[in-house]
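Chains A and B are the protein sequences, given in the same order. Reading the first sequence from the start, the letters are residues 251 to 593 in our numbering. Reading the second sequence from the start, the letters are residues 4 to 322 in our numbering. We treat Cβ as the ideally placed atom computed from N, Cα and C, and that holds for glycine. Single-structure report; data block below.
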Amino acid sequence: MSNITTNTAEGKMVSSSDKQPLVSIQNLRVWFELRRFGFGHAGWVRAVDGVSFDLAAGEAIAVVGESGCGKSSLMKSILGLYKPTEGDILFDGTKMSEYDRAKMRWYHSRVGYIQQDPYGALPPFMTVARILEEPLIVAGIKDKAEREQRILKAMEEVKLTPQEDFLPKFPHMLSGGQQQRVVIARAMIMEPKLLVADEPVSMLDASVRVEILKLLRNLQENHHLSVIYITHDLATVSYFSERIFVMYAGKLVEKAKVQQLLHNALHPYTHALLAATSDPDADNATRFRDVPPGEPPSLVKPPTGCRFHPRCPKAIAGLCEKEDPPEFEPEPGHLVACWLYKE
Amino acid sequence: MPKHQKLLQIKNLTLHFRTQKGDVQAVDGVDFELDYNRAVVILGESGCGKSSLAKAILRLLPRNVSKYAGSIIFEGNDVMQLSDEEYRQNVRWVAMSLVPQAAMNALNPVIRVGDQVAEPAVVHLGLSKTEALQPALKMFRHVGVPDDFIDRYPFELSGGMRQRVAIAMALVTSPGLIILDEPTSALDVLTQANIFNVLKRIKQELGTSFILITHDIATSSELADDVAVMYAGQIVEVSDARRFFHEPLHPYSQKLMASVPRLRQEKDPEFITGQPPSLINPPKGCRFAARCPKRFAKCDEEPPVIEQDGRKVKCWLYA
Numbered sequence: 251m252s253n254i255t256t257n258t259a260e261g262k263m264v265s266s267s268d269k270q271p272l273v274s275i276q277n278l279r280v281w282f283e284l285r286r287f288g289f290g291h292a293g294w295v296r297a298v299d300g301v302s303f304d305l306a307a308g309e310a311i312a313v314v315g316e317s318g319c320g321k322s323s324l325m326k327s328i329l330g331l332y333k334p335t336e337g338d339i340l341f342d343g344t345k346m347s348e349y350d351r352a353k354m355r356w357y358h359s360r361v362g363y364i365q366q367d368p369y370g371a372l373p374p375f376m377t378v379a380r381i382l383e384e385p386l387i388v389a390g391i392k393d394k395a396e397r398e399q400r401i402l403k404a405m406e407e408v409k410l411t412p413q414e415d416f417l418p419k420f421p422h423m424l425s426g427g428q429q430q431r432v433v434i435a436r437a438m439i440m441e442p443k444l445l446v447a448d449e450p451v452s453m454l455d456a457s458v459r460v461e462i463l464k465l466l467r468n469l470q471e472n473h474h475l476s477v478i479y480i481t482h483d484l485a486t487v488s489y490f491s492e493r494i495f496v497m498y499a500g501k502l503v504e505k506a507k508v509q510q511l512l513h514n515a516l517h518p519y520t521h522a523l524l525a526a527t528s529d530p531d532a533d534n535a536t537r538f539r540d541v542p543p544g545e546p547p548s549l550v551k552p553p554t555g556c557r558f559h560p561r562c563p564k565a566i567a568g569l570c571e572k573e574d575p576p577e578f579e580p581e582p583g584h585l586v587a588c589w590l591y592k593e
Numbered sequence: 004m005p006k007h008q009k010l011l012q013i014k015n016l017t018l019h020f021r022t023q024k025g026d027v028q029a030v031d032g033v034d035f036e037l038d039y040n041r042a043v044v045i046l047g048e049s050g051c052g053k054s055s056l057a058k059a060i061l062r063l064l065p066r067n068v069s070k071y072a073g074s075i076i077f078e079g080n081d082v083m084q085l086s087d088e089e090y091r092q093n094v095r096w097v098a099m100s101l102v103p104q105a106a107m108n109a110l111n112p113v114i115r116v117g118d119q120v121a122e123p124a125v126v127h128l129g130l131s132k133t134e135a136l137q138p139a140l141k142m143f144r145h146v147g148v149p150d151d152f153i154d155r156y157p158f159e160l161s162g163g164m165r166q167r168v169a170i171a172m173a174l175v176t177s178p179g180l181i182i183l184d185e186p187t188s189a190l191d192v193l194t195q196a197n198i199f200n201v202l203k204r205i206k207q208e209l210g211t212s213f214i215l216i217t218h219d220i221a222t223s224s225e226l227a228d229d230v231a232v233m234y235a236g237q238i239v240e241v242s243d244a245r246r247f248f249h250e251p252l253h254p255y256s257q258k259l260m261a262s263v264p265r266l267r268q269e270k271d272p273e274f275i276t277g278q279p280p281s282l283i284n285p286p287k288g289c290r291f292a293a294r295c296p297k298r299f300a301k302c303d304e305e306p307p308v309i310e311q312d313g314r315k316v317k318c319w320l321y322a
């Protein structure tokens, strides 16, 4: 299945290779219509509003943003659960908007989804064996021995061993960390190319978080997986991804490699996020944190111009509230949508 | 306010729950002290009994309690001796109040937030409904909620604003102590930082003391004067925050600190292998021994609490 040749928009035959991005998101817009009394148009929620990026095979990226910034809508569009209003998502060079049902089913087997709350994501009435078998049955693998083989292999990979101990258990009999391993095993069982992880460790204890993240890192390296982390925790993702995208009110405002972002953040919103993230330090208790005033804007009527300008300490009067900033590239590979870097 | 006297002294506090499989020793012989205008952080993983500790201090007990003992001395009075009714009238929400976990989602959706914040003042201070709006408004200002929000309903407020409302509700009777159970765990980074700014300001302006219960070590440092680490129903280390964040003593605290991802340091976080023991039949001796990298023969016996330069640690390594 991995060697797919397909027609691109130009009608040229292109074979999938590592040079071509695994996922390419092009000017994606996901808008939801607001209706009044069930009918009659009442506006749009612009959850994702012009997002573009490429994800290489084997690369891990993190999308960082506050709740309500549209990161879940972005994630669900990538999973094929929401239909983009505009723009397109290319997977392995093929346009997702042109997929028929069979192709969509194939796509879903190429993408693994790791949910935020493992307990909520696992059906309480199914055993671990049944939970892991389900995707294989859906994919039409008839041979029971093969299904068993793949279940055991997936459990081995997420270190749920000895497998016989865990197979007959129900989710409530497992600890939070073990539940999350089952969720990861389920996402890995179809041997996907891409993992989408929605806050994979935010429900877990501090002592197991790192364990789960290291497990994901190993899977990524061993299987040459691409991973998209969706999170609001900058401190954690910095260890486990190559690039970080900062999202604010439906747009990506800064895209950079981890080290660039941590040591040379450019966008004022990224500065605010970094300044608000604490490291354990007794001095924290004696000083107030610098937090921008206000709250993220409504996505129904976002501010004109730069969406961060009403809260931005460095807003340029006469420019930022009028014109939407395009992406500038002040250093190679470091993109920022902010008028401060116009040059 | 007599200086020699502590605000709160907890001695040998025990809370066990009855279940079908046996007694869960959720809080097992906890000691700690808290001074006026100080904040202590209770750090621990889920299931270590830290929320039960909050319930035990406020005597908000479920029905299946099998053992509730020890002493809670608040401003010199042992409140454990009071009857439930006396406790309700004189202690809960009057002397100390609680911001429960996920409080922002627990507001009544059909009552205006102003009335909800005023309610403790009506019930505990005997004010009339209109009189009680005065202290409510005052507390709204302290927590940074605009005045006109007093007439709004919870659904009209963002998560951060609702959390502030929950804090205002705990403050409205001007208690000396507020217990915060995971006050920011469901909030975004910027909102978290904002809420901690609010708590710091309340501490400065009103002289309130705090018990902050959390598993988030990094943000706990935003408020902590002292740190108490809880493991499997027991407090294993009590220390001032400065020395704790720099150099924790107990092996569990050391492991916990090493597991924190840091933004400003290039050190790979570690994890703790194994799982906390069941609280139904906790192991004899040190409860952390099974996961401890430094365990030795002595650890099979119950470790004593050792005092070292004003810090306390329950570990044989320091005996």
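Collapsing the DSSP output to three states places M497 (chain A) in a strand. Within the stretch 129–216 of chain B, the runs of beta strand (DSSP E) at least 3 residues long that lie entirely inside it are, in chain order, 180–184. Interface residue (Cβ-Cβ distance to chain A less than 8 Å): K53 (chain B) is not classified as such. Between V314 (chain A) and I478 (chain A), the gap from beta carbon to beta carbon reaches 8 Å or more.
Straight-line spacing of the CA atoms in V460 (chain A) and E273 (chain B) works out to 6 Å. Look at P280 (chain B) here: in three-state DSSP terms it is coil, with no helix or strand label. For T481 (chain A), the uninterrupted beta strand (DSSP E) segment begins and ends at 476–481. Taking CB atoms only, Y489 (chain A) has a neighbour in chain B less than 8 Å away. Shown here, I328 (chain A) sits in a helix according to DSSP, grouped into three states. If you check the CB distance, T222 (chain B) and S528 (chain A) come in under 8 Å. Between the stretch 544–557 of chain A and the stretch 24–41 of chain B, the count of Cβ pairs shorter than 8 Å is below three; the stretches do not touch. For Q366 (chain A), the CB contacts under 8 Å within the same chain, skipping 5 residues up- and downstream, are D448, E449, P450, S452, M453 in chain order. The beta carbon of G308 (chain A) sits closer than 6 Å to those of H474, all from its chain and outside the five residues before and after it, given in chain order.
The Cβ atoms of K203 (chain B) and L226 (chain B) sit closer than 8 Å to each other.
By the C-beta density criterion, H513 (chain A) is exposed, having fewer than 16 other C-beta atoms within 10 angstroms.
Using a Cβ-Cβ cut-off of 8 Å, L524 (chain A) is close to L266 of chain B, given in chain order. DSSP places L16 (chain B) within a strand segment (E or B) once states are collapsed to three. Exclusion of the five residues before and after G50 (chain B) leaves P279, L282 as the residues of its chain whose Cβ lies within less than 8 Å of its Cβ.
If you draw a straight line from the Cα of E185 (chain B) to the Cα of V201 (chain B), it comes to about 15 Å. Against chain B, the CB of T554 (chain A) has no partner CB under 8 Å away; the residue lies outside that interface. Straight across, the Cα-Cα distance linking A435 (chain A) with S457 (chain A) is about 20 Å. In this structure, the beta-carbon distance from I198 (chain B) to G163 (chain B) falls below 8 Å. Within chain A, the residues whose beta carbon sits less than 7 Å from that of L226 (chain B) are A535, listed in sequence order. Taking 8 Å as the upper bound for CB-CB distance, L516 (chain A) and P580 (chain A) are in contact here, some 6 Å apart.
A straight line joining the alpha-carbon of D574 (chain A) with that of Y591 (chain A) spans about 13 Å. Taking R246 (chain B) as the centre and dropping the five residues before and after it, the same chain places the C-beta of R314 closer than 7 Å to its C-beta, in chain order. Nearest in C-alpha terms to H249 (chain B), of all of B:G236, B:L266, B:V230, is B:V230.
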